[in-house]
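2 protein chains.
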Amino acid sequence: MMRWVAGGVTAARGFMASGISAGIKPSRRPDLALVVSRHPAAAAAVFTTNRIKAAPVVISQRRLRRRQARAVLINSGCANCLTGEAGLRDAQRLSRLVARGIGLADHEILLASTGLIGTRLPVVRVERAIPRLLGSLNRQQHEEAAWAILTTDRHPKEAAVSVAVRGGMFHVGGMAKGAGMIAPSMATMLCVMTTDVAAPQPLLRRLLRQASAATFNRISVDGDMSTNDTVFLLANGRSGVQLRAGASSVPVFATALQAVAQRLARMLVADGEGASRLMEVVVSGARSAHEARLCARAVVTSPLVKTMLAGGDANVGRIAAAVGASPARFDPDALDIRIQDQRVVAKGRVVPLPASVVRTLLRRPSVAVRIDLHAGRAEDRMTTCDFTTDYVRINAGYAT
Amino acid sequence: MMRWVAGGVTAARGFMASGISAGIKPSRRPDLALVVSRHPAAAAAVFTTNRIKAAPVVISQRRLRRRQARAVLINSGCANCLTGEAGLRDAQRLSRLVARGIGLADHEILLASTGLIGTRLPVVRVERAIPRLLGSLNRQQHEEAAWAILTTDRHPKEAAVSVAVRGGMFHVGGMAKGAGMIAPSMATMLCVMTTDVAAPQPLLRRLLRQASAATFNRISVDGDMSTNDTVFLLANGRSGVQLRAGASSVPVFATALQAVAQRLARMLVADGEGASRLMEVVVSGARSAHEARLCARAVVTSPLVKTMLAGGDANVGRIAAAVGASPARFDPDALDIRIQDQRVVAKGRVVPLPASVVRTLLRRPSVAVRIDLHAGRAEDRMTTCDFTTDYVRINAGYAT
Chain C
0 MMRWVAGGVT AARGFMASGI SAGIKPSRRP DLALVVSRHP AAAAAVFTTN
50 RIKAAPVVIS QRRLRRRQAR AVLINSGCAN CLTGEAGLRD AQRLSRLVAR
100 GIGLADHEIL LASTGLIGTR LPVVRVERAI PRLLGSLNRQ QHEEAAWAIL
150 TTDRHPKEAA VSVAVRGGMF HVGGMAKGAG MIAPSMATML CVMTTDVAAP
200 QPLLRRLLRQ ASAATFNRIS VDGDMSTNDT VFLLANGRSG VQLRAGASSV
250 PVFATALQAV AQRLARMLVA DGEGASRLME VVVSGARSAH EARLCARAVV
300 TSPLVKTMLA GGDANVGRIA AAVGASPARF DPDALDIRIQ DQRVVAKGRV
350 VPLPASVVRT LLRRPSVAVR IDLHAGRAED RMTTCDFTTD YVRINAGYAT
Chain L
0 MMRWVAGGVT AARGFMASGI SAGIKPSRRP DLALVVSRHP AAAAAVFTTN
50 RIKAAPVVIS QRRLRRRQAR AVLINSGCAN CLTGEAGLRD AQRLSRLVAR
100 GIGLADHEIL LASTGLIGTR LPVVRVERAI PRLLGSLNRQ QHEEAAWAIL
150 TTDRHPKEAA VSVAVRGGMF HVGGMAKGAG MIAPSMATML CVMTTDVAAP
200 QPLLRRLLRQ ASAATFNRIS VDGDMSTNDT VFLLANGRSG VQLRAGASSV
250 PVFATALQAV AQRLARMLVA DGEGASRLME VVVSGARSAH EARLCARAVV
300 TSPLVKTMLA GGDANVGRIA AAVGASPARF DPDALDIRIQ DQRVVAKGRV
350 VPLPASVVRT LLRRPSVAVR IDLHAGRAED RMTTCDFTTD YVRINAGYAT
């Protein structure tokens with residue numbers, strides 16, 4: 000019933016996109032993207048929980064009170080954060096130009112920015128580029144848009160599905176950027192998802208929150224949380240499929256939305272700054288869902304665990320040490336840890352395995368770690384990448 | 000009144016030490032240390048809060064219920080953690096040999112181990128080395144002992160003071176090891192401090208807790224918390240100076256103890272794995288002491304802040320982003336951040352400074368960051384080191 004399809008953020012009917020270089024990045028790489036719905040759309044979003052919010056976050060939050068939007072304007076190369084009133088004015092000025100260019104009201108444009116914190120947007124340069132941005136808007140430019148929102152990412156991230164249901168065929172698609180500052184307690188990233196279902200905005204918002212909680216909020220690159228994180232969802236109804244609370248199409252749509260979000264989330268971790276492999280951590284047997292989550296989080300944010308993973312180093316005691324340092328309550332003599340079905344800690348003791356065996360377990364593209372606390376029934380999971388010298392190299396010279 | 004003196008852990012009267020290579024480390028570097036008081040001593044300790052505790056921690060906690068001890072036996076190269084009953088027996092066996100060798104009861108020996116988690120001690124080899132360890136015990140061997148407790152540390156860490164008070168002259172001295180897994184919420188490290196004052200054990204314990212909270216618990220290398228962290232304090236009364244609750248000598252002693260702990264703590268961060276420079280973060284204007292602490296902790300554990308520091312990269316927005324991601328409540332438009340008295344964020348805006356100016360501020364051996372939340376009166380501080388490619392290199396191959 001659900002099929003993966005091409006098309007990314009314009010896979011759903013009635014959406015167009017474009018991505019160009021507007022000269023915000025000194026490198027002259029693409030840095031300005033636009034996604035537009037040809038028709039009115041219900042809009043929902045999840046934003047960073049960082050107390051410091053970038054100008055585009057502040058503006059988008061205000062505009063979303065109307066629950067409707069038609070376009071998302073995103074720039075990379077500048078976060079437009081800690082830029083005060085001037086930064087708000089910059090963002091509003093650009094958004095006004097875009098609104099006029101495509102015949103919309105200001106409040107129908109949502110905004111996102113990513114890049115260096117504390118610098119102003121080169122507004123004059125971006126203004127001059129906007130006609131070019133609008134001129135290249137079409138359904139084919141989804142990949143250009145996906146390129147234009149990247150910072151230190153190596154690859155663009157796109158995903159889309161088509162789903163056949165009674166009453167028609169709908170689509171969900173999206174694009175995302177991640178790399179650094181990816182942390183749980185908000186998917187520290189930018190993401191735009193689009194769909195051609197019709198849905199009441201409160202339902203849309205609820206489903207977006209659920210999908211984000213299960214995907215973007217279950218990944219971590221470096222435990223940091225950015226000032227600009229945003230996930231947008233626009234639904235323009237062009238498929239003719241209507242979602243109504245309680246109808247059977249709702250769980251179908253929820254599954255499709257979560258599948259797209261999950262695929263984008265995995266791409267984010269796989270492309271984490273400097274990442275060479277992934278680790279999926281499942282914590283079971285916790286006394287509460289909260290403790291399961293905190294325990295998984297402690298493991299995926301531990302620099303000692305993540306550097307061990309980078310080296311494929313047989314030092315599994317570090318996983319146990321991270322578990323013990325978390326707030327989760329458990330009996331240390333009951334702790335079990337498996338890597339790929341091989342028990343490495345059994346009843347609180349490191350299993351004496353040849354180092355070569357453990358290294359083989361760890362030196363895979365994706366390492367599955369299962370931690371059983373044997374203290375209750377709650378479970379949670381989290382995905383992270385390893386911590387390499389490249390991560391440090393990238394981040395030690397980000398502004399230079 | 001207080002003078003820094005040589006002598007480390009044997010600066011106080013009546014203490015001896017030794018440090019040898021017992022073949023626990025494959026490198027044949029020194030890995031076994033002993034500190035002995037010639038006379039009965041009151042003993043106190045602070046231990047890791049990690050739920051997983053190494054065998055020597057479990058044994059020492061039990062023995063300290065007697066509030067007295069005469070010796071501390073420490074090995075590096077093996078944490079003796081997650082080793083179950085066998086690990087407990089190994090530790091007890093070695094401690095019994097030491098006790099017999101110097102004519103003490105088992106329970107008078109305290110234990111600490113550091114190194115790889117999950118491997119057993121090479122007991123037979125260590126047993127054979129113990130006569131040599133006991134044979135070299137004397138007052139001059141404090142530096143050998145300080146060398147023998149190191150893992151990835153580059154330098155031994157010793158500090159001692161002598162203090163003249165009415166009634167005589169007392170000493171406080173100590174040695175420590177740190178490097179990785181240094182995190183607040185226990186000084187993630189090993190430390191032995193000795194003094195020749197006489198003091199009731201409950202008083203001693205209270206003063207040790209206070210000194211640790213202000214020093215070892217205010218530093219962070221990588222946010223990780225080990226399974227073996229221990230700070231010991233032995234007081235044998237040989238100076239003739241008596242501490243009694245309420246007497247004026249108590250705050251004098253407390254100051255001396257904290258000074259030694261503080262110097263050792265600074266050495267730990269300066270010698271953090273791969274560290275090239277320090278950052279001292281002071282958070283003021285917080286709504287509560289708790290929030291001040293969490294805010295300082297968020298900054299010193301942020302990989303993005305720590306890699307920026309490594310590169311001396313003009314990217315101060317990352318400090319603000321870490322502050323915003325912490326649980327501290329504040330008005331983003333009131334936030335002020337200074338680096339070395341230069342305001343870099345003023346009322347929530349990044350001050351537009353030439354990148355070269357910011358780089359000069361950051362490229363110092365020790366960088367002072369002052370964050371004013373303007374939300375209350377509470378203050379706290381934390382010291383950390385930068386996050387370099389060397390940290391990753393050291394930890395990606397620790398077990399190999």
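Each protein sequence line maps, in turn, to chains C and L. Here numbering that gives the first Met the number 0 is used: the first residue of the first sequence is 0, the next is one more, and so on. Here numbering that gives the first Met the number 0 is used: the first residue of the second sequence is 0, the next is one more, and so on. C-beta: ideal position from N, C-alpha, C; glycine also.
Below the 7 Å Cβ cutoff, chain C contributes Leu81, Thr82 and Gly83 as neighbours of arginine 348 (chain L), in chain order. The criterion of a C-beta distance shorter than 8 Å is satisfied by glutamine 67 (chain L) and alanine 42 (chain L). Straight-line spacing of the CA atoms in methionine 188 (chain L) and asparagine 79 (chain C) works out to 41 Å. Non-local C-beta neighbours of histidine 170 (chain C) in its own chain, meaning closer than 6 Å and more than five positions away in sequence, comprise Ala10, Ala11, Ser161 and Asp195, ordered along the chain. Against arginine 317 (chain C), the close residues of chain L are Ile116, in the order they occur along the chain (beta-carbon pairs closer than 7 Å). CA-CA distance, arginine 237 (chain L) to valine 56 (chain L), rounds to 28 Å. Taking a Cβ-Cβ threshold of 7 Å, the residues of chain L close to glycine 323 (chain C) are Asn49, Arg50, Ile51 and Thr226, in chain order. Here cysteine 384 (chain C) carries a strand assignment [DSSP, helix/strand/coil]. Rounded to whole angstroms, valine 97 (chain C) and glutamate 272 (chain C) show a C-alpha spacing of 32 Å. Flagged as an interface residue toward chain C: proline 331 (chain L), by a C-beta distance shorter than 8 Å. Each residue's CA atom was taken as its position, placing leucine 87 (chain C) and leucine 334 (chain L) some 17 Å apart.
Look at the beta carbons and you see the segment 330-346 of chain C touching the segment 364-377 of chain C: at least three pairs across the two are nearer than 8 Å. Inter-residue distance for methionine 168 (chain L) and alanine 198 (chain L) is about 15 Å (C-alpha atoms, whole angstroms).
Taking a C-beta cut-off of 9 Å against chain C, the contacting residues of the segment 302-315 of chain L are Pro302, Leu303, Val304, Lys305, Thr306, Met307, Leu308, Ala309, Gly310, Gly311, Asp312, Ala313, Asn314 and Val315, listed in chain order. In this structure leucine 352 (chain L) does not touch glutamine 339 (chain L) by the C-beta definition: roughly 12 Å separates them, more than the 8 Å allowed.
Non-local C-beta neighbours of leucine 267 (chain L) in its own chain, meaning closer than 7 Å and more than five positions away in sequence, comprise Lys156, Ala175, Gly177, Ile181, Met188 and Ile218, ordered along the chain. Runs of beta strand (DSSP E) with 3 or more residues, each lying fully within the segment 212-300 of chain L, are found at 229-234 and 277-285, listed in chain order. Out of C:Arg165, C:Leu206 and C:Arg328, the CA that lies nearest to the CA of glycine 375 (chain C) is found in C:Arg328. Under the 8 Å Cβ criterion, the segment 308-327 of chain C does not count as touching the segment 12-19 of chain L, having fewer than three qualifying pairs. Per DSSP, arginine 328 (chain L) has no beta-bridge partner at all. Scanning the segment 100-159 of chain L for uninterrupted alpha helix (DSSP H) segments of 4 residues or longer gives 122-134 and 141-147, listed from N- to C-terminal end. When C-beta distances to chain L are compared with 7 Å, the residues of the segment 268-301 of chain C below that value are Ser301, in chain order. Look at phenylalanine 386 (chain L): its C-beta is under 8 Å from a C-beta on chain C. DSSP places glycine 310 (chain C) in the uninterrupted alpha helix (DSSP H) bounded by 302-310. Interface annotation for the segment 345-370 of chain L against chain C: Lys346, Gly347, Arg348, Val349, Val350, Pro351, Ala354, Val357 and Arg358, criterion Cβ-Cβ distance under 9 Å. Boundaries of the alpha helix (DSSP H) around alanine 354 (chain C): 354-361. Chain order gives the chain C residues near valine 391 (chain L) as Thr306, Ala309, Phe386, Thr387, Thr388, Tyr390 and Val391, where near means a beta carbon separation below 8 Å. CA-CA distance, arginine 99 (chain C) to isoleucine 129 (chain C), rounds to 11 Å. Residue-level contact by beta carbon fails for alanine 90 (chain C) and chain L, as no gap is shorter than 8 Å. For alanine 320 (chain C), at least one C-beta of chain L is nearer than 8 Å to its own C-beta. A check of alpha carbon separations from serine 94 (chain L) across L:Ser112, L:Leu81, L:Gly83 and L:Val8 identifies L:Ser112 as the nearest.
By the CB criterion at 8 Å, valine 35 (chain L) and leucine 136 (chain L) fall inside the cutoff.
Contact between glycine 83 (chain C) and arginine 348 (chain L) holds: their C-beta atoms lie close to 4 Å from each other, under 8 Å. The DSSP-derived three-state label of aspartate 89 (chain L) is helix. The closest CA to that of arginine 363 (chain C), considering only C:Asp385, C:His373, C:Ala377 and C:Arg380, is found on C:Asp385. For isoleucine 370 (chain C), the enclosing beta strand (DSSP E) stretches over residues 365-371.
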